[in-house]
Amino acid sequence: MISLAGARRVVFGLALASFVLSFFHRTAPAAIAGELTRAFSISSTVLGTLAATYFYVYTVLQIPVGVLADTLGPRRILATGSAIAAVGSMLFALAPVWEIAAVGRTLVGIGVSVAFIAVLKLSAVWFPPGKFATLAGVTMFAGNLGAVIAGAPLAWVVTQASWRTVFVALAILSGLLALATWLRVRDRPEELGLPAVNPPLPAAAHVP
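In my numbering, the protein residues as written are 40 to 247.
What follows is the structure, encoded as structure tokens:
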């Protein structure tokens with residue numbers, strides 16, 4: 040029988056992986072700017088537009104994502120988001136022209152926009168209130184680590200394999216993450232037959 044501690048690690052780890060990928064995608068174009076410019080024969084202005092499509096949709100979707108996390112639950116939005124990011128990464132990797140790459144980048148932005156809110160929601164439900172700030176700090180540290188990996192390390196990897204290969208690999212990784220999230224993540228411990236971590240207060244405890 041799965042323990043609460045083990046389930047917590049799996050649920051938080053998978054959600055955190057999605058958040059790390061979101062930061063990777065956020066900064067990756069800067070590390071491969073030269074390759075993108077040559078591949079699509081575009082100016083720096085168009086390159087900026089291509090990179091910014093991610094931020095446009097990511098920013099706009101934060102409030103709707105919060106509503107969806109409360110209504111549909113973090114498991115559904117995380118799994119769906121990772122699947123959309125997988126499609127976007129593959130489209131970006133195989134794009135023959137920059138316009139199609141921009142569509143792929145937009146899909147990635149849509150897909151990864153759910154990660155941060157989902158991590159917060161799962162942290163609030165699966166862990167005691169006294170752990171929330173610590174988990175938020177761990178989340179931000181891991182996210183920034185993803186951004187670091189998308190810098191010099193990615194630039195080095197691109198010298199060994201093409202940037203398209205890297206994004207095909209990211210598409211596969213995102214797809215596997217979507218599957219693992221659907222199979223292993225649950226919105227709350229009770230769905231696995233585990234005790235609630237933060238059960239609602241009894242009616243007598245509420246101030247009339």
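Quick reminder that beta carbons are idealized off the backbone N, C-alpha and C, glycines included.
Alpha carbon of residue i to alpha carbon of residue j, nearest angstrom
i	j	result
Ala122	Gly45	25 Å
Thr178	Val158	8 Å
Ala235	Phe62	31 Å
Arg144	Leu222	26 Å
Ile139	Phe131	7 Å
Ser213	Ala124	6 Å
Trp48	Leu117	The residue you asked about is not Trp; residue 48 is Arg in the sequence shown. Each residue's Cα considered, the two are about 16 Å apart.
Pro167	Arg77	51 Å
Ile71	Leu215	24 Å
Thr119	Leu111	11 Å
Thr98	Trp195	30 Å
Ala108	Val187	28 Å
Ala200	Asp226	38 Å
Gly169	Gly87	42 Å
Thr204	Thr220	24 Å
Same chain, Cβ closer than 7 Å to residue i, five either side skipped, listed in chain order
i	result
Phe58	Ala154, Phe155, Val158, Thr178, Ala181, Gly182
Ala67	Ala189, Leu193
Glu74	Val197, Trp202
Trp137	Phe79, Ile81, Val85, Leu89
Phe171	Ser162, Ala163
Thr173	none
His64	Tyr93, Val147, Val151
Presumed contact (8 Å Cβ cut-off) between residue i and residue j, rounded CB distance
i	j	result
Pro113	Leu161	5 Å
Leu231	Ile41	6 Å
Leu43	Pro228	6 Å
Gly185	Leu60	7 Å
Contact check, residue i vs residue j, beta carbons under 8 Å
i	j	result
Gly52	Val96	no
Val50	Val224	yes
Asn237	Val164	yes
Thr92	Ala141	yes
Leu100	Gly127	no
Own chain residues within Cβ distance below 8 Å of residue i, not counting five before or after
i	result
Met129	Gly143, Phe206, Val207, Ala210
Ala191	Ala70
Contact test: residue i Cβ vs the ligand MN heavy atom, cutoff 7 Å
i	result
Ile188	What this structure holds is no ligand at all, so the ligand MN is not there to describe.
Spatial neighbours of residue i in its chain, beta-carbon cut-off 6 Å, leaving aside the 5 residues before and after
i	result
Ser83	none
- Identify every run of the alpha helix (DSSP H) within the region 56-111, keeping only runs that are complete inside it and at least 4 residues long; order them along the chain. Listed in chain order, the complete alpha helix (DSSP H) runs (minimum 4 residues) inside the region 56-111 are 72-79, 83-99, 101-110.
- Can you give, in chain order, each stretch of the beta strand (DSSP E) that sits fully within the region 107-138 and has at least 3 residues? The region 107-138 contains no whole beta strand (DSSP E) run of 3 or more residues.
- Item | Unbroken stretches of the alpha helix (DSSP H), 4 residues or longer, contained in the region 201-237 | The qualifying runs are 202-223.
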